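J.:
Protein chains: 2
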Amino acid sequence: MSKAITRTYSRYNRDATALLGALIREARNERKLTAQEVADRAGISRGLLQRIEKGNLKCEIGAVFEVATIVGIKLFDADDTTLTKYLHQTREKLTLLPKSVRKKSKAVHDDF
Amino acid sequence: MSKAITRTYSRYNRDATALLGALIREARNERKLTAQEVADRAGISRGLLQRIEKGNLKCEIGAVFEVATIVGIKLFDADDTTLTKYLHQTREKLTLLPKSVRKKSKAVHDDF
DNA sequence: CATATTTGATCCGTATATAGATCATATAAC
DNA sequence: GTTATATGATCTATATACGGATCAAATATG
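Quick mapping for you: the protein sequence lines, in order, are chains A and B. Residues 1 to 112, numbered by our numbering, are exactly what the first sequence covers, in order. Residues 1001 to 1112, numbered by our numbering, are exactly what the second sequence covers, in order.
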């Protein structure tokens, strides 16, 4: 028995993950790499790679990003230095921001 | 007991996830949203949101992407992402999803 | 053609990520 | 100052994602 926790995902989210998985698969085929090869290099099982390429939303983000990097897909920026620099800048900026937010009992509205 | 499975992640991978988490937190603060509010909208617990914002690599990619979308972070629309290039280049092919090298002989069985 | 390799799709045992609760501390509002 | 709320950290029970194995079908190779 189980109170199956069914999590809901937005359409955009599902599309984004499916796209990423498709890109991974395409890049892997272009590089003539077998699923087993990529899985070994990523330190994951072939079954997990299958789920990732199918766009399964319940995979570890670390595994997905690792595979993407292995097949040559850069996640955020072309070179690592820029990414790292951006990360540091963001952290510095975060230290200047308040650590907690306080609502003024006003309605919030999404714009997407 | 239990042979703890320690998975290795590349530095680029760790940085990317940490950056994404930092961006999420920054965006959440800028929008004056509490952790509980974002967690509720994403359908996740506040503890999971904490781990996501800390850049934990073992979180579900679906949860991470969902939170990112909620706080206003577009995953693939940013101009400075290399992933966008792939998106535009392969958009036509991806509309034919799922595209696989091998043909499927049986009915597609997606459970998500 | 025959043979080898790769992939898709299950199933199962187990490690673990998650939700939920709790508490102390920090911060905001008053 | 006091009070209310948000955050960070920890713990437990449970749902589940994972690795590994198996097998059939598809594809590649000879």
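Positions of the beta carbon are idealized from the N, C-alpha and C atoms, including for glycine. Bear in mind the structure is a predicted one, so any value in this text is a computation, not a measurement.
Kindly list, in the order they appear in chain B, the residues whose Cβ is closer than 7 Å to that of A:K58.
T.: Those within 7 Å of A:K58 in chain B are E1060 and G1062.
J.: Against A:S10, what residues of chain B qualify as contacts under a CB-to-CB distance less than 9 Å, listed in chain order?
T.: Correct list: F1065, E1066, T1069 and I1070.
J.: Using DSSP bridges, identify the partner residues of A:E60.
T.: According to DSSP, which records beta bridges pairwise, A:E60 is partnered with B:E1060.
J.: Alpha carbon to alpha carbon, what distance is there between A:I52 and A:R46?
T.: Spanning the two alpha carbons is a distance of roughly 10 Å.
J.: Can you pull the chain A neighbours of B:N1046, defined as C-beta to C-beta under 7 Å?
T.: It should be noted that the sequence gives Arg, not Asn, for residue 1046 of chain B. Simply none; closest approach about 13 Å.
J.: Counting contacts by CB-CB distance shorter than 8 Å, is B:R1007 in contact with chain A?
T.: True, the Cβ-Cβ gap to chain A drops below 8 Å.
J.: Could you compute how far the alpha carbon of A:T34 sits from the alpha carbon of B:N1056?
T.: Straight-line Cα distance between these residues: approximately 28 Å.
J.: Counting along the chain, where does the alpha helix (DSSP H) carrying B:R1028 start and finish?
T.: Element bounds for B:R1028: R1011 to E1030.
J.: State the DSSP-derived secondary structure class of B:R1051, mapped to helix, strand or coil.
T.: Looking at B:R1051 - three-state DSSP - the assignment turns out to be helix.
J.: Between the alpha carbons of A:T6 and A:R28, how many angstroms are there, rounded?
T.: Straight-line Cα distance between these residues: approximately 31 Å.
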